[in-house]
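Trainee: Sharing a structure, written as structure tokens. Questions coming.
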Amino acid sequence: MGLKTPLYDIHISAHAKIVDFGGWDMPLSYGSQIEEHHAVRREAGVFDVSHMCVVDLTGARTREFLRRLLANDVARLTVPGRALYSCMLLPTGGVIDDLIAYFLTESWFRLVVNAGTRQKDLAWIREHAAPFGVEVRERSDLAILAVQGPAAREKTAALLTAAHRATALDIPRFAAAAIDVRSGTWFVARTGYTGEDGFEIMLPGTDAAETWRALVAQGARPAGLGARDTLRLEAGMNLYGNDMDETRHPLESGLAWTVAFEPEERDFIGREALARARAGGGHRQVGLVLEERGVLRSHQLVSAADAAAGAPPLGEVTSGTFSPTLNRAIALARLAPQSATQVLVDIRGKPHAARVVKPPFVRNGKPLIEIQ
18 MGLKTPLYDI HISAHAKIVD FGGWDMPLSY GSQIEEHHAV RREAGVFDVS HMCVVDLTGA
78 RTREFLRRLL ANDVARLTVP GRALYSCMLL PTGGVIDDLI AYFLTESWFR LVVNAGTRQK
138 DLAWIREHAA PFGVEVRERS DLAILAVQGP AAREKTAALL TAAHRATALD IPRFAAAAID
198 VRSGTWFVAR TGYTGEDGFE IMLPGTDAAE TWRALVAQGA RPAGLGARDT LRLEAGMNLY
258 GNDMDETRHP LESGLAWTVA FEPEERDFIG REALARARAG GGHRQVGLVL EERGVLRSHQ
318 LVSAADAAAG APPLGEVTSG TFSPTLNRAI ALARLAPQSA TQVLVDIRGK PHAARVVKPP
378 FVRNGKPLIE IQ
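Using my numbering, the letters of the sequence shown map in sequence onto residues 18 to 389.
Pasting the structure below:
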């Protein structure tokens, strides 16, 4: 038996298929994973992501601490509520975790980290926060609901009073606002992991079930981890443990844009290792679209289409799936530097032709690559 979110009983009553995910009993789907995927792309879906870990950091030197801890620079956050995506690195440059940081006040920032890395993340954060006098508080009292899709914001706002509805609908992308409701405070963030617009709502765990039912009554379709994975991969978003981990650095994981090398005097953890990696070149992340029938999965080897017999592979698939939107198999892959647009993927010992593309594949419901 794994850990359970406040919505576990609702998932069971909805006949969800429950699987272990990072030590949590979570819904994989409630029936058709593909229908859940399309619901998010076309209208709205609601996900239980309460297994994610919310961490509040407080203290006079919190900003200074985060400028040391994170590869991206929280100095960019100057307006309360604004958010920043970043990796937290080892001195070797390997990724401990990816996370979102929210600026609330000069002495209060909020982080949201992954479920499977919760314990090591908290230990790492606490170790490095201590010299700065920063208090680290895990918010296990909160649940998180992700409402995603073109109609997601309107369906969420319909649960609020007129004044609060306007506040929610005015939240800019990658920002958040605290909204007082009858039972407490909702922290409503205009963020997500699907490539669609929507909200991630952090709210008291005691409110989660009632809010879930209200969102479903508004027409948001319950969606599980299966649809969440196909949606995030179509959107070209990394999954920790597949597309990045402690053995890989952001520059080879499609995350160079999350590393702030300027100003030069900011000495964040992992900076020296990344500077060496940037100077030396190396592998890069690309997208793949399979040109024929087949299924792309992590660890499949990728070779140049014109490679000589016995030549080493260019790299491997890190995440792969069937794309319901494109009706094709797609993948993220880490490959050695090369200019080829056609490659071969080894699927069960047989080469299958694939095309190299630049992710994302789909965003805001629309294909961003040409299907041949």
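Just so you know, even glycine gets a beta-carbon here, dropped at the ideal spot from N, CA and C.
Quick caveat: nothing in here was measured; it's all calculated off a predicted structure.
#1: Going by the CB atoms, is the gap between residue 162 and residue 63 shorter than 7 angstroms?
#2: Provide the residue(s) that pair with residue 122 in DSSP beta bridges, ordered along the chain.
#3: Let's test the definition: count the other Cβ atoms within 10 Å of the Cβ of residue 270 and tell me whether it reaches 16, buried, or not, exposed.
#4: Give me the Cβ distance between residue 352 and residue 303, rounded to the nearest whole Å; I'm assuming they're in contact under 8 angstroms.
#5: Please report the distance separating the alpha-carbon of residue 180 from that of residue 59.
#6: Examine the Cβ distances between the stretch 236 to 245 and the stretch 50 to 58 and report whether three or more of them are shorter than 8 angstroms.
#7: Report all residues from its chain with a CB closer than 8 angstroms to the CB of residue 83; omit the five preceding and five following residues, and keep chain order.
#8: Give me whichever residues DSSP pairs with residue 392 in a beta bridge.
#9: State the Cα-Cα distance for the pair residue 253 and residue 115, rounded to the nearest angstrom.
#10: Reducing DSSP to helix, strand and coil, say where residue 393 ends up.
#11: For residue 218, write down the residues that DSSP places opposite it in a beta bridge.
#12: Can you look up residue 265 in the DSSP assignment and give me helix, strand or coil?
#13: Report buried or exposed for residue 169, applying the criterion of at least 16 other Cβ atoms within 10 angstroms of its Cβ.
#14: Whose CA, out of 124, 149, 154 and 356, lies closest to the CA of residue 136?
#15: I'd like to check one pair, residue 132 with residue 69: are the Cβ atoms closer than 7 angstroms?
#16: First and last residue of the beta strand (DSSP E) that includes residue 250?
#17: Take residue 390 as the anchor and find which of 331, 47 and 289 has the nearest alpha-carbon.
Mentor: Looking at the atomic coordinates:
#1: yes
#2: 125
#3: buried
#4: 6 angstroms
#5: 28 angstroms
#6: yes
#7: 74, 91, 118 and 126
#8: Nothing about residue 392 can be reported from this structure: the residues present for the chain run from 18 to 389 only.
#9: 15 angstroms
#10: The requested residue 393 does not occur in the structure, where the chain is confined to residues 18 to 389.
#11: 162 and 205
#12: coil
#13: buried
#14: 154
#15: yes
#16: From DSSP, residue 250 is part of no beta strand (DSSP E) but of the alpha helix (DSSP H) over 242 to 251.
#17: In this structure the chain extends from 18 to 389, so residue 390 is not present and cannot be described.
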